[in-house]
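Number of protein chains: 2
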Amino acid sequence: MKRRGFLMASVAGAGLVLAEEAGVGGIAFAQADPLPSWNDTAQKQAILSFVQAVTTEGSPDFVPPSERVAVFDNDGTLWVESPIYTQLAFVIDRVRALAPDHPEWASTQPFKAVLDNDLAALSAAGEKGVIELLMATHAGISTEEFDAVVTGWIATARDGRFKRPYTGLVYQPMLELLAYLRANGFETFIVSGGGVEFMRPWTEAVYGIPPQNVIGSSIRTELRMVEGKPVLMRLPQVVFIDDKAGKPVGINAHIGRRPIAAFGNSDGDYEMLEWVTKAEGRSLGMIVHHTDAAREYAYDRNSPVGRLVRGLDDAAAQGWTVIDMKADWGRVFGFDG
Amino acid sequence: MKRRGFLMASVAGAGLVLAEEAGVGGIAFAQADPLPSWNDTAQKQAILSFVQAVTTEGSPDFVPPSERVAVFDNDGTLWVESPIYTQLAFVIDRVRALAPDHPEWASTQPFKAVLDNDLAALSAAGEKGVIELLMATHAGISTEEFDAVVTGWIATARDGRFKRPYTGLVYQPMLELLAYLRANGFETFIVSGGGVEFMRPWTEAVYGIPPQNVIGSSIRTELRMVEGKPVLMRLPQVVFIDDKAGKPVGINAHIGRRPIAAFGNSDGDYEMLEWVTKAEGRSLGMIVHHTDAAREYAYDRNSPVGRLVRGLDDAAAQGWTVIDMKADWGRVFGFDG
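Going down the list, the sequences are from chains A and B.
What the first sequence shows, in the numbering used here, is residues 1 to 337, in sequence order.
What the second sequence shows, in the numbering used here, is residues 338 to 674, in sequence order.
This is how it looks when you write it as structure tokens:
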């Protein structure tokens, strides 16, 4: 059954874009610049011309609305990931909050490292240590309890540099891009290495992306009856890591359709970008390059978070557009002047 | 970012339902009966009053549009599952199609049983045999190749009794129900024990449910580069069985939000119905009871497909509505008089 209708989407800070979304196509009448926080560079033009090509009926690149799928990495692509991933900040706060119930943590690594704020010891604990911390803070409670914990934390936690909620540290140009794509009939998804249930409690309010459009790493859940009611318990067992080659796997498992646009910022997004752009038909692959130490951060090849090496080396040959945050974004955050 | 708009959904065989879907709620103006293939019984009334309650702003049961999620089992709930699951008919046809490349199957069970049409031997092969058949017919090719195989089969295969395509054996009252819910701001999902990639190639055309809204059982996929292009190979390893206690797990993993309406037909849907209806707030749980041997099939407690025992025993106590196919449906199929 086809759905015909008129969608009117308000685009943040940009007046209105009125889009007629018909069963067979779509026409967008831009009444104002839909991407006001983007400087007028080739990068912005790449987005506009891609959207025009795939939404113009009769264009050789036309894509019907139901196949207009766009995927976005989260950490470093939609919100800040430096100096540490936000989910790691959550883990650290959560270990501290739970410590009174775990006196043994005062003398057990990697918990002791967190409680002592000992980054060297934490680093020495390696990936095994991180997984141990993740399981201690993410498992052993129900999905509803975990949702409440995340919701409470995200509402109160503040980052160290900007002294703002983490959900305030989302990139204004990317919010505009999400809204612009949706106004042109795209469905937008997050495809992140982060925990899916760490993101879902807040992505709809912050990005306009509902929980069912969030794909991420996950741990096992198990149905149990507790006092006559079904609950899903979170078990300390990783079932899926949505990073690198896992991203196309996650996209296929969740969406079942190949996206035509992908946005990332690190080499963890390389396979996703290839999956989207090495396919038949017009596509758009973009990499957010963190080049602005003044307004945000500057890092790439040697960064412990969001390391970007292959993406930079291969972008030109792959046909991917690199966004230079400093040059291409007029504002980084909504609170920027 | 909220989306405001006017959705006009054509409801099969029922004229038009015009629904104003606003960011804060939704009002449906029924210009014609939205469920014309449903007889005017308590079951139809249960659907109408539920939808009215959750979509009427100011109602104590009001649910905002983004939380209006409805889940549907597929086999026996949306389309025919008797005398054998359609996916098993696909397996049988596929074994026959692949047999020339596998001369050893002529003397190896369970393949020999399929080739000889020997149901006793096939039954004796048990679950292990079925999994062997599934893997031989569902794995070893890429996701795109499998999509093409399913698409070709579903377009040409005919069932034994009605001599129609399987996608023609979908229940007209349920198509109307899907459209009616969507016209009232619901997002509709399939939650099936069937293979997710067996359903996705055709659910959008048949049910109006796009691939990203189909949840099912799945096998492992792995990213590989073939002639410079990324492909996802289907490996012979089950990763998720979306049945019984797996249904709430699948719903949570995929949707991340608890549905408010669930529709099933067998005990494989019991935990899904409990997950949806044993929660805060108004909800609707319905079971399609196959009672019409003349127009479709009649089976429940002793059936090898769609066995329904606990659902019938507990429906009243659980507050679930049982749909009596013979009494409640004026038509079963679109081709019925």
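We put the CB at the ideal spot given by N, CA and C, even for glycine.
Sorting Ala120/A, Gly311/A, Leu169/A, Trp320/A by C-alpha distance to the C-alpha of Val80/A places Leu169/A at the top.
Chain order gives no chain A residues near Val400/B, where near means a beta carbon separation below 9 Å; the closest approach is about 14 Å. About 38 Å separates the CB atoms of Leu48/A and Asn589/B; that is not less than 8 Å, and the two are not in contact. In the assembly as shown, Gln172/A is a buried residue. Its beta-carbon has 16 or more other beta-carbons within 10 Å. When the beta-carbon positions are compared, Met623/B and Ile597/B stay at least 8 Å from each other. In the structure shown, Ser460/B adopts helical secondary structure according to DSSP, grouped into three states.
In this structure the segment 406–421 of chain B lies against the segment 517–534 of chain B, because at least three pairs of beta carbons, one per stretch, are closer than 8 Å. The beta-carbon of Glu541/B is placed less than 8 Å from the nearest beta-carbon of chain A. By the C-beta density criterion, Glu104/A is exposed, having fewer than 16 other C-beta atoms within 10 angstroms.
The Cβ of Arg537/B sits closer than 8 Å to at least one Cβ of chain A.
Taking 3 residues as the shortest admissible run, the segment 284–328 of chain A contains the following complete beta strand (DSSP E) segments, listed from N- to C-terminal end: 284–291, 321–324.
In the DSSP annotation of this structure, Gly334/A is not part of any beta strand (DSSP E), being labelled neither H nor E.
Only residues of its own chain outside the window of five on either side were considered, and among them Leu560 have a CB closer than 7 Å to the CB of Pro567/B, listed in chain order. In the DSSP assignment, the residues bridged to Ala599/B are Val408/B, Gly622/B. The residues Gly268, Glu271, in chain order, have a CB closer than 6 Å to that of Lys244/A in the same chain once the five nearest residues on each side in sequence are set aside. Note that the C-beta distance between Asn454/B and Ala664/B is not below 8 Å. Flagged as an interface residue toward chain A: Glu611/B, by a C-beta distance shorter than 8 Å. When the Cα atoms are used, His475/B and Phe111/A turn out to be separated by approximately 45 Å.
In this structure, the beta-carbon distance from Thr378/B to Tyr503/B does not fall below 8 Å. Here the alpha carbon of Gly643/B sits roughly 5 Å from the alpha carbon of Ser603/B.
Look at Phe483/B here: in three-state DSSP terms it is helix. In the DSSP assignment, the residues bridged to Glu222/A are Met233/A.
Around the beta carbon of Pro402/B, 16 or more other beta carbons lie within 10 angstroms, which makes this residue buried.
By a beta-carbon distance limit of 8 Å, Thr221/A contacts Val586/B. Their separation comes to about 5 Å. For the options Ile552/B, Ala542/B, Glu464/B, Ile592/B, the alpha carbon positioned closest to that of Asp579/B is the one of Ile552/B. Under the three-state reduction of DSSP output, Glu617/B falls in the coil class, being neither helix nor strand.
Counting the other CB atoms within 10 Å of its CB gives Asn302/A a total below 16, which places it among the exposed residues.
Between Arg234/A and Ile141/A, the beta carbon gap of about 6 Å places them in contact (Cβ cut-off 8 Å). Assignment of Phe526/B by DSSP, reduced to helix, strand and coil, places it in the strand class.
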